[in-house]
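Worksheet for the structure shown next.
Number of protein chains: 2
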Amino acid sequence: MLVKKSTRIRKEEIVQAALEVVGRKGVRALTIAAIADSAGMSEANIYRHFSGKDEIFSALADFIGSSVMGNAATIATGNRTSLEKLETIFFSHIKIIAEHPGVPRFIFSEDVLLGHPNVAKTLTLRIGNYIETVSGVIAAGIHGGEFKNGLSPRETALTMLGIIQFTALRQTIGALNCDIDLESKKLWANFMNLIN
Amino acid sequence: MLVKKSTRIRKEEIVQAALEVVGRKGVRALTIAAIADSAGMSEANIYRHFSGKDEIFSALADFIGSSVMGNAATIATGNRTSLEKLETIFFSHIKIIAEHPGVPRFIFSEDVLLGHPNVAKTLTLRIGNYIETVSGVIAAGIHGGEFKNGLSPRETALTMLGIIQFTALRQTIGALNCDIDLESKKLWANFMNLIN
DNA sequence: ATATGATGTGAGCATATAGTCACGTGGAGA
DNA sequence: TCTCCACGTGACTATATGCTCACATCATAT
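For the protein sequence lines, the chains are C and X, in the order given. Per the numbering used here, the first sequence starts with residue 14, numbered consecutively. Per the numbering used here, the second sequence starts with residue 14, numbered consecutively.
Here is the structure:
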């Protein structure tokens, strides 16, 4: 039998186990049995700490939202140049994708978006904030003369996030011939060229 | 009982029904029961025409691949300017997304990519061709002086497809505040600004 | 030391889903 | 017209999965 731990700790363990499962086998394979297996505990014990799958999904969304996507907002409030901020946001995001493939998979999972409306609402809100944050940085850069005039901040932000999102997708399907680091560097170099 | 039809016709009906289910409720909900219901036939009859779910997935992938993604290659071989070709490819793709939400959902579905490796392989190949096609058009445009010098064709193509892909995603999750037509026009206008 | 409540688990239930099978049935060719 | 075989279906099986429950066990407060 397992060593006993507090519910607080077990909840964290379960969320981490769930994220690991998603990264390895996808949201579709995020079954209670898989989580229990990854966390090294019985299925029944999962239910002692979470009321059900919905609650686990919510907890995962909260973890990802706060620890990952809140990151961009912090970077945006710094006092570096707009270009430096954008670059930091870009590569932070890529790094997260590379290290935790479960993150983009979960955020853009059909199971979440169509099967758990409450979670989807939370995530949609966060994505919206993320877009606005990046838009703000770009708008400041245009205004400050760092980026070329005439760009639309919002659409340029969507373009940048599209690059990131498409990279995540291609990594998921194994379509990245070279490694994600090199690929992202090439994409960023070209993006800088586009906005100047 | 249903009027009898040939297997060839029933197969087409079943594939269309499957695509409809995906568009309405996602790949996760693409059960034999749902397909049978959408196609107005019994579950057992599905199995008379397809050996199983795998074969239905393959048929769907073939349909989408040939009728949708082959489109870009045709456009690319025309004799219009590179910009016109790009624009046509862009809006054709957006139109498909708008009219058949099941298409992007299926192509980028975790269930397909992780659960049906053979289908995933086919789709990955097609996506690769698509990227190369767009890259070729952009390279020609740069060479012909239509787009600004110094752009990397491949990375610029990935950027354009990222925009499309991210738009599809945002439509799926209902994050498009305005309609997809207006949104895509704004994105395209900004993209033209980026590459000039 | 002991009682108590929080933590842990094997066994089992209900439901959903992929797939099978024996049995109709109707239309095309003889 | 009649036959035959491809087409159509209800009923069924096997398996997976979310979830419950009775029971075990351990830490801790008294």
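Glycine included, every Cβ here is placed at the ideal spot set by N, Cα and C.
- Taking every protein chain shown into account, the CB of Lys108 (chain X) has fewer than 16 other CB atoms within 10 angstroms, so this residue is exposed.
- With a contact defined as Cβ atoms closer than 8 angstroms, Glu25 (chain X) and Thr94 (chain X) miss out at about 37 angstroms.
- Taken in chain order, the members of the stretch 151-163 of chain X whose beta-carbon sits within less than 7 angstroms of a beta-carbon on chain C are Gly163.
- Around the beta carbon of Glu168 (chain X), a 10 Å sphere encloses 16 or more other beta carbons of the protein chains shown; the residue is thus reported as buried.
- Leaving aside the five residues that flank His106 (chain C) on each side, the residues in its chain whose CB is nearer than 7 angstroms to its CB run, in chain order, Ile177.
- Selection X:Arg37, X:Phe121, X:Glu100, X:Thr20 evaluated against Leu182 (chain C) yields X:Phe121 as nearest (Cα-Cα).
- Rounded to whole angstroms, the gap between the alpha carbons of Ile193 (chain X) and Asp50 (chain C) is 43 angstroms.
- Ranked by how close their Cα comes to the Cα of Ile69 (chain X), the residues X:Ser80, X:Leu195, X:His129 have X:His129 in first place.
- A direct Cα-Cα distance of roughly 7 angstroms separates Leu96 (chain X) from Gly154 (chain X).
- In this structure, the CA atom of Gly141 (chain X) is about 21 angstroms from the CA atom of Pro114 (chain X).
- DSSP places Ala111 (chain C) in the uninterrupted alpha helix (DSSP H) bounded by 95-112.
- Here the alpha carbons of Asn203 (chain C) and Leu164 (chain X) stand approximately 6 angstroms from one another.
- Excluding sequence positions up to five before and after Pro166 (chain X), its CB lies within less than 8 angstroms of the CB of Ser148, Gly149, Ile151, Ala152, Ile155, all in the same chain and listed in chain order.
- Within 7 angstroms of the CB of Asp124 (chain X), the CB atoms of chain C belong to Arg41, in sequence order along the chain.
- Using a CB distance cut-off of 8 angstroms, Lys199 (chain X) counts as an interface residue toward chain C.
- The criterion of a C-beta distance shorter than 8 angstroms is not satisfied by Val28 (chain X) and Phe103 (chain X).
- For Lys66 (chain X), no Cβ of chain C is located within less than 8 angstroms of the residue's own Cβ.
- Approximately 24 angstroms separates the beta-carbon atoms of Leu200 (chain X) and Leu127 (chain C); this is outside 8 angstroms, ruling out the contact.
- Look at Gln178 (chain X): its C-beta is under 8 angstroms from a C-beta on chain C.
- With respect to the 8 angstroms criterion, Val132 (chain C) and Ala74 (chain C) are classified as neighbours on the basis of their beta carbons.
- With 16 or more neighbouring CB atoms inside 10 Å of its own CB, Glu123 (chain X) falls in the buried class.
- Non-local C-beta neighbours of Phe63 (chain X) in its own chain, meaning closer than 6 angstroms and more than five positions away in sequence, comprise Ile69, ordered along the chain.
- For Met205 (chain C), the three-state secondary structure derived from DSSP is helix.
- Listed in chain order, the alpha helix (DSSP H) runs fully inside the stretch 47-81 of chain X are 56-62, 66-77, counting runs of at least 4 residues.
- Within 9 angstroms of the CB of Phe70 (chain C), no CB atom of chain X is found; the nearest one sits about 13 angstroms away.
- The C-beta of Ala133 (chain C) comes closer than 8 angstroms to at least one C-beta of chain X.
- Annotated as proximal: Arg118 (chain C) and Val40 (chain C), with beta-carbon spacing under 8 angstroms.
- Linking Val34 (chain C) to Ile144 (chain X) through their CA atoms gives a straight-line distance of about 30 angstroms.
- Annotation: Ala52 (chain C) to Ser80 (chain C) spans about 21 angstroms, alpha carbon to alpha carbon.
- In this structure, Glu196 (chain C) sits near Thr180 (chain C), with a CB-CB distance shorter than 8 angstroms.
- A Cβ-Cβ contact shorter than 8 angstroms links Ala89 (chain X) with Lys98 (chain X).
- By the rule that beta-carbons nearer than 8 angstroms mark a contact, Glu56 (chain C) does not touch chain X.
- Taking 8 angstroms as the upper bound for CB-CB distance, Ile48 (chain C) and Ala30 (chain C) are in contact here, some 5 angstroms apart.
- Counting only the Cα atoms, Thr20 (chain C) lies some 48 angstroms from Arg139 (chain X).
- Neighbours of Glu168 (chain C) in chain X, taken as residues whose beta carbon is under 7 angstroms from its own, are Lys199, Leu200, Asn203 in chain order.
- Taking 8 angstroms as the upper bound for CB-CB distance, Lys134 (chain C) and Asn209 (chain C) are not in contact here, some 37 angstroms apart.
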